[in-house]
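Student:
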Amino acid sequence: MNLDKKVATRASYGETLAEIGEDKKIVVLDADLAEATKTGIFAKKYPERFFDMGISEQDMMSTAAGLASAGQIPFVSTFAMFAAGRAYDQIRNSICYPKMNVKICATHAGVTVGEDGATHQMIEDLSLMRTLPNMTVICTSDDTETKWVVKEIAKCEGPVYLRLCRLATPIIYGEAQEFKIGKGIQIGEGTDATVIATGVVVSEALKAKEELAKEGINIRVVDMHTIKPIDKELIIKCAKETNKIITIEDHSIIGGLGSAVCEVLSEEYPTKVIRMGVKDTFGKSGKAEELLEYFGLTAKHIIEKVKE
524 MNLDKKVATR ASYGETLAEI GEDKKIVVLD ADLAEATKTG IFAKKYPERF FDMGISEQDM
584 MSTAAGLASA GQIPFVSTFA MFAAGRAYDQ IRNSICYPKM NVKICATHAG VTVGEDGATH
644 QMIEDLSLMR TLPNMTVICT SDDTETKWVV KEIAKCEGPV YLRLCRLATP IIYGEAQEFK
704 IGKGIQIGEG TDATVIATGV VVSEALKAKE ELAKEGINIR VVDMHTIKPI DKELIIKCAK
764 ETNKIITIED HSIIGGLGSA VCEVLSEEYP TKVIRMGVKD TFGKSGKAEE LLEYFGLTAK
824 HIIEKVKE
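For the sequence shown, the working numbering begins at 524 and goes up steadily by one.
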């Protein structure tokens with residue numbers, strides 16, 4: 524992990540989108556936020572295939588479904604609050620029900636949106652999106668992983684929800700890292716506990732792993748980048764080998780990664796799970812790092828839970 528170099532996954536998304544834009548089937552739609560979502564990079568390179576739909580997210584989703592029905596590959600972007608929340612009906616009925624090949628790449632998810640506050644901090648999107656039939660749900664943790672995912676989902680058929688963040692995070696993976704949709708990445712062979720993380724807090728879990736090792740406590744970290752379909756085999760393997768599971772996410776503990784892991788274990792291998800995340804409350808306005816601390820989502824808090 525390169526702690527010195529940090530990149531926001533939304534930036535990785537924008538750069539990669541412009542890179543794969545040579546495929547003329549790819550079209551990009553945005554809702555008046557191209558500078559923030561970084562789709563503006565694609566817009567400058569391929570203006571004829573970029574559509575600024577204005578502040579009309581529901582219309583944008585329906586238009587994307589129409590473009591997909593005509594054989595295009597639409598990448599649709601706006602803040603997670605407006606994508607998963609405001610346009611849920613259109614995603615459900617116009618994209619998922621007919622299984623349209625639309626890629627919803629939502630940026631500014633979680634409390635790490637920061638000063639924009641509770642109204643813009645989407646902490647329910649993983650829950651909403653993973654309940655939809657036909658939807659693949661992915662939440663990336665770093666620059667390398669995001670670039671790979673953007674390229675991969677362009678090749679896959681069907682609806683995808685890709686969750687991206689505003690906050691710049693450390694680069695975890697080298698270029699040689701292998702990724703596969705639906706397969707989590709186990710980092711380390713520790714047997715004292717497993718921390719299953721997703722998105723921006725994967726780097727916090729890795730920091731905790733390093734600090735705990737100094738005290739002779741060896742944990743493993745799982746980067747569960749795909750929330751649906753979730754890697755059942757890896758979850759069960761970790762439960763059997765460590766018997767202690769902690770999940771952590773920049774999302775509500777209700778319906779997100781923690782819930783998905785509990786669903787698997789309750790049916791397959793009952794294990795105690797501690798869920799770290801936002802505990803049935805709305806976000807607050809503040810700096811991203813301060814909010815991670817406030818909601819107990821830092822390496823320090825992971826260490827405390829492991830020691831418990």
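Quick reminder that beta carbons are idealized off the backbone N, C-alpha and C, glycines included.
Can Gly800 and Gly781 be called in contact, C-beta distance under 7 Å?
Tutor: yes
Student: I need the boundaries of the beta strand (DSSP E) containing Val599, first residue and last residue.
Tutor: Ile596 to Phe602
Student: Identify which residue in Asn624, Gln613 and Gly608 has its Cα closest to the Cα of Gly594.
Tutor: Asn624
Student: Do Leu552 and Ala606 count as a contact pair if the criterion is CB distance below 7 Å?
Tutor: no
Student: Over the uninterrupted alpha helix (DSSP H) stretch that includes Phe565, give me the two end residues.
Tutor: Gly563 to Lys568
Student: Just list the residues that DSSP pairs Met645 with in beta bridges.
Tutor: Ala632
Student: To the nearest whole angstrom, what separates the beta carbons of Ile704 and Ile759, a pair I think is in contact under 8 Å?
Tutor: Not a contact, Cβ separation roughly 19 Å.
Student: Start and end of the beta strand (DSSP E) containing Ala822?
Tutor: From DSSP, Ala822 is part of no beta strand (DSSP E) but of the alpha helix (DSSP H) over Ala822 to Lys830.
Student: State the CB to CB distance for the pair Ile797 and Ala731, rounded to an integer number of angstroms; the pair is presumed to be in contact (CB under 8 Å).
Tutor: Between Ile797 and Ala731 the beta-carbon gap is near 13 Å, outside 8 Å, which marks them as no contact.
Student: Between which two residues does the alpha helix (DSSP H) harbouring Thr586 extend?
Tutor: Glu580 to Ser592
Student: Run through the DSSP bridge pairs and tell me what Lys810 is partnered with.
Tutor: Lys810 pairs with nothing; no bridge assigned.
Student: Take Leu729 and list the residues in its own chain whose beta-carbon comes closer than 6 Å to its own, dropping the five residues that flank it on each side.
Tutor: Met524 and Val744
Student: Where do the N-terminal and C-terminal ends of the alpha helix (DSSP H) with Ser664 fall, by residue?
Tutor: Here Ser664 belongs to no alpha helix (DSSP H), and DSSP marks it neither H nor E.
Student: Look up Met747 in the DSSP assignment and say whether it is helix, strand or coil.
Tutor: coil
Student: Helix, strand or coil: which one does DSSP assign to Ala699?
Tutor: coil
Student: Identify which residue in Met658, Gly537, Tyr792 and Gly637 has its Cα closest to the Cα of Trp671.
Tutor: Of Met658, Gly537, Tyr792 and Gly637, the residue nearest in Cα terms is Gly537.
Student: Just to confirm, are Thr635 and Leu690 a CB contact at a threshold of 7 Å?
Tutor: A contact, by the Cβ cut-off of 7 Å.
Student: Could you pull out every unbroken beta strand (DSSP E) segment of at least 3 residues lying fully inside the region 724–811, listed in chain order?
Tutor: 742–746, 749–751, 768–775 and 796–801
Student: Rounded to the nearest angstrom, what separates Phe702 and Glu675 at their Cα positions?
Tutor: 10 Å
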